[in-house]
Amino acid sequence: MKESLTDIYSSIKSWHLWTTLGWLELRQRYKRSIVGPFWITLSMAVLIIALGVIYGELFKLEVKEYLPMLAVGLVFWNFISGVINEGCVTFISSSSFISQLPTKKFIYIMQMLWRNFMMLCHNIVIVIGVLIIFNVFSLKNFPLFILGFMIVVVNLIWIATLFAVISVRFRDFPQMVMSFMQVVFYITPILFSGTMLAKYSLLLKLNPFAWFIEIIRSPLVGKMPELYCYYNSIILACVGTVISLITFAKCRNRIAYWV
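Sequential numbering from 405 applies to the sequence shown in my numbering.
Okay, structure coming up:
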């Protein structure tokens, strides 16, 4: 356990390394592209407008009410699902480095997280624009958004670390997670709000991703998040971190052989 904690501490301390690697990887993806990473932003903006018009009409909601909720939900869901899906293949995609260089394993988790955070920063432009246009943002709720986002990031770190270890041992696991996340998208209040499914409120209360979206989205659209979402998310973060640490400690030295 001590070696694993040292690995994590040293990796976080080497922030200049994983931030540089994450930035270079993102640049490589969009090499020779005129727009670059903003293609992600453009495609996300088109998707939000299209879904906003269609589902707004289906749900009989005003654009001012529905579009901010949809924009925040989709942008942050893209970040959450991206970290989880890419987290599964973090060690696998870095196999050449892991097998040849004695680097800290947790660096690759931080690199992946930083890369997805930079993509989120590109997409957050859409959220800011929508919130300004429809004047729904409340500055007094901004600290709640920061708190909620930090809680979600802690949860994503342990999930990505745990899934990365499992995936490097069982190669079918990433596909299972990807399929699972596609299903979760439709049962999480992203295209809709929790109040629209009052009949199935118990299902939403048991959905961790619904908690994550709630504590991020509600403060940004001028609402107060449900307190149980904070409690449950914090408890999940504590329990999940312990499980992930134990798994990482037991398997860390085997990762180089499994890749």
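Heads up, the beta-carbon is just placed ideally off N, CA and C, and yes, glycines get one too.
Could you pull the start and end residues of the alpha helix (DSSP H) that residue i belongs to?
i	result
PHE480	467–492
ASP576	No alpha helix (DSSP H) holds ASP576; DSSP gives it neither H nor E.
THR424	419–433
LEU624	612–624
MET523	510–538
THR651	631–655
MET448	442–462
SER542	SER542 -> no alpha helix (DSSP H), and no H or E assigned at all.
SER500	499–504
SER605	605–609
ILE594	Looking at the DSSP string, ILE594 is not in any alpha helix (DSSP H), and its letter there is neither H nor E.
Using the C-alpha atoms, what's the distance from residue j back to residue i?
i	j	result
ARG431	TRP422	14 Å
LEU471	THR445	16 Å
HIS526	PHE616	20 Å
TRP443	ASN482	14 Å
PRO623	ILE488	24 Å
LEU610	ASN636	9 Å
ILE650	MET448	37 Å
CYS633	GLN504	43 Å
LEU607	ILE452	25 Å
ILE484	TRP419	21 Å
SER605	THR410	42 Å
ILE532	VAL457	19 Å
GLU429	LYS406	31 Å
GLU466	VAL588	26 Å
ASP576	PHE553	30 Å
ILE638	PRO578	26 Å
SER500	ILE536	45 Å
VAL450	ILE563	30 Å
ARG433	LEU595	29 Å
Could you tell me whether the Cβ atoms of residue i and residue j are closer together than 8 Å?
i	j	result
ILE561	ILE513	yes
VAL625	MET473	yes
GLY486	ASN520	yes
LEU548	PRO612	no
ILE502	VAL663	yes
ALA641	VAL558	yes
ALA653	SER408	yes
VAL529	ALA475	no
ARG592	SER648	Correcting the residue identity first, residue 592 is Thr in this sequence and not Arg. It is not a contact, given that the beta carbons lie outside the stated cut-off.
THR619	PHE480	Correcting the residue identity first, residue 619 is Ile in this sequence and not Thr. Their beta carbons are not under 8 Å apart, which means ILE619 does not touch PHE480 by this criterion.
PHE538	LYS627	no
By alpha-carbon positions, which one of the options ends up nearest to residue i?
i	options	result
PHE463	ASN482, LEU524, SER418 and SER597	SER597
MET580	SER418, SER447, VAL493 and ALA449	VAL493
ILE555	LEU543, GLY644, VAL457 and HIS420	GLY644
ARG658	VAL534, ILE412 and VAL569	VAL569
SER414	LYS509, PHE480, LEU607 and ILE620	LYS509
GLY426	LEU517, PHE577, ILE532 and SER500	LEU517
ALA490	ILE530, TYR632, GLU618 and MET585	Residue identity differs from the one stated: residue 490 is Glu in this sequence, not Ala. When each option's Cα is compared against that of GLU490, the closest is MET585.
THR424	ILE484, ILE536 and GLN515	GLN515
SER498	ILE639, VAL572 and LEU631	VAL572
ILE511	LYS417, LEU465, PHE553 and ILE484	LYS417
LEU551	ASN539, ASP576, LEU631 and PHE574	LEU631
TYR590	ASP411, ALA614, ILE536 and SER500	ALA614
THR507	ILE412, GLU429 and CYS655	ILE412
CYS655	VAL450, PHE574 and ARG433	PHE574
MET582	PHE567, ILE594 and ARG433	PHE567
If contact is defined by three or more beta carbon pairs under 8 Å, each pair taking one atom from either stretch, is the stretch 539–550 in contact with the stretch 447–463?
Under the 8 Å Cβ criterion, the stretch 447–463 does not count as touching the stretch 539–550, having fewer than three qualifying pairs.
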